[in-house]
Amino acid sequence: MLRLAIARLAPASRLTAHSQVRNSLPRTFTTTMAQYHPNTDPPKGFAIFKNIEELASGSDKFRRVLWTGTHSQFVIMTVPVGGEIGEEIHTVDQHLVFLSGKAQAIEDGTKATGDQVSDVHPGDMVIVPAGTKHNFKNVGPTPLIVSTVYAPAEHKADTVHDTLEQGEKLEEEGKDEPPSWAKQ
4 MLRLAIARLA PASRLTAHSQ VRNSLPRTFT TTMAQYHPNT DPPKGFAIFK NIEELASGSD
64 KFRRVLWTGT HSQFVIMTVP VGGEIGEEIH TVDQHLVFLS GKAQAIEDGT KATGDQVSDV
124 HPGDMVIVPA GTKHNFKNVG PTPLIVSTVY APAEHKADTV HDTLEQGEKL EEEGKDEPPS
184 WAKQ
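Start counting at 1 in the sequence shown, then tack on 3, and there's your number in this note's numbering.
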């Protein structure tokens with residue numbers, strides 16, 4: 004039985020974008036990919052991203068952290084045609100919303116059951132519980148664009164990875180760790 008939870012969602016809301024960071028003026032996030040600049044302390048107040056689908060589709064980076072809080076982290080990913088997120092197991096829960104493209108969600112099964120594979124489309128949400136070995140492969144003709152929330156944070160607060168390989172290398176070297184103030 005597939006343990007990944009997959010749900011169909013309504014189109015993303017169109018929201019006004021502001022983020023209040025401690026001791027700073029509100030920062031507007033735009034579709035030009037203005038990057039969130041984390042301080043040494045966790046952010047305070049709302050972070051509202053305007054038109055997340057357009058914001059995410061404006062990035063050609065494999066992984067870009069947009070926001071890191073004390074208990075969670077918001078990331079967008081762009082997976083090239085024929086690419087994949089990479090087989091992984093997290094110690095945290097992960098929620099993924101598929102914004103464009105077509106993917107296969109793959110959950111590592113047992114020898115008896117084999118891998119569990121499900122098709123995933125724009126508007127679908129997949130919840131991956133901590134400890135679940137999984138991968139997502141782009142099986143469509145266009146880049147796969149995904150927004151994901153880790154709870155708690157999984158990556159360094161200002162992470163930008165150009166490619167899967169770059170991300171894996173930095174993780175192996177211990178250079179992509181969440182901030183110390185993020186609850187683990």
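C-beta atoms are modelled at their ideal positions from N, C-alpha and C, and glycine is treated no differently.
As the structure is a computational prediction, the values presented were derived from the model and not from experiment.
Return helix, strand or coil for P14, following the three-state DSSP convention.
The predicted model places P14 with a pLDDT of 43, which falls under 50 and marks its position as unreliable; any figure quoted below should be read in that light. Coil at P14, not helix or strand.
Selected residue, minimal CA-CA separation from F45, among H98, V142, V152, A156:
The sequence shown places Pro at residue 45, not Phe. Of H98, V142, V152, A156, the residue nearest in Cα terms is A156.
Residue interval of the beta strand (DSSP E) (run including I92)
For I92, there is no enclosing beta strand (DSSP E), as DSSP gives it neither H nor E.
In terms of alpha-carbon separation, which member of T151, V120, D179, S121 lies closest to F96?
The residue asked about is misnamed: residue 96 is Asp in this sequence, not Phe. Nearest C-alpha to D96: T151.
According to the neighbour-count rule (16 or more other Cβ atoms, all chains shown, within 10 Å of its Cβ), is S183 buried or exposed?
exposed
Give me the Cβ distance between A154 and T71, rounded to the nearest whole Å; I'm assuming they're in contact under 8 Å.
In fact, because the Cβ distance is near 11 Å, the residues do not count as touching under 8 Å.
Run through the segment 41 to 66 for me and flag every whole alpha helix (DSSP H) of 4 or more residues, listed as ranges in chain order.
Those alpha helix (DSSP H) runs which fall completely within the segment 41 to 66 and span 4+ residues are 55 to 60.
Grouping DSSP H, G and I as helix and E and B as strand, with all else coil, what is K140?
strand
Buried or exposed: where does K140 fall if 16 or more other Cβ atoms within 10 Å of its Cβ makes it buried?
buried
Check whether the segment 168 to 176 and the segment 71 to 85 touch, using three or more Cβ-Cβ pairs below 8 Å as the test.
no
Going by DSSP, what residue range makes up the beta strand (DSSP E) through E110?
106 to 110
Can you find the residues in the same chain that come closer than 7 Å, C-beta to C-beta, to A59, ignoring five residues on each side of it along the sequence?
I79, L102, I148, S150
To the nearest angstrom, how far is the alpha carbon of H158 from that of E180?
5 Å
Reducing DSSP to helix, strand and coil, say where M36 ends up.
Caution applies to M36, whose pLDDT of 34 falls short of 50 and renders its modelled position unreliable; the model cannot decide the point.
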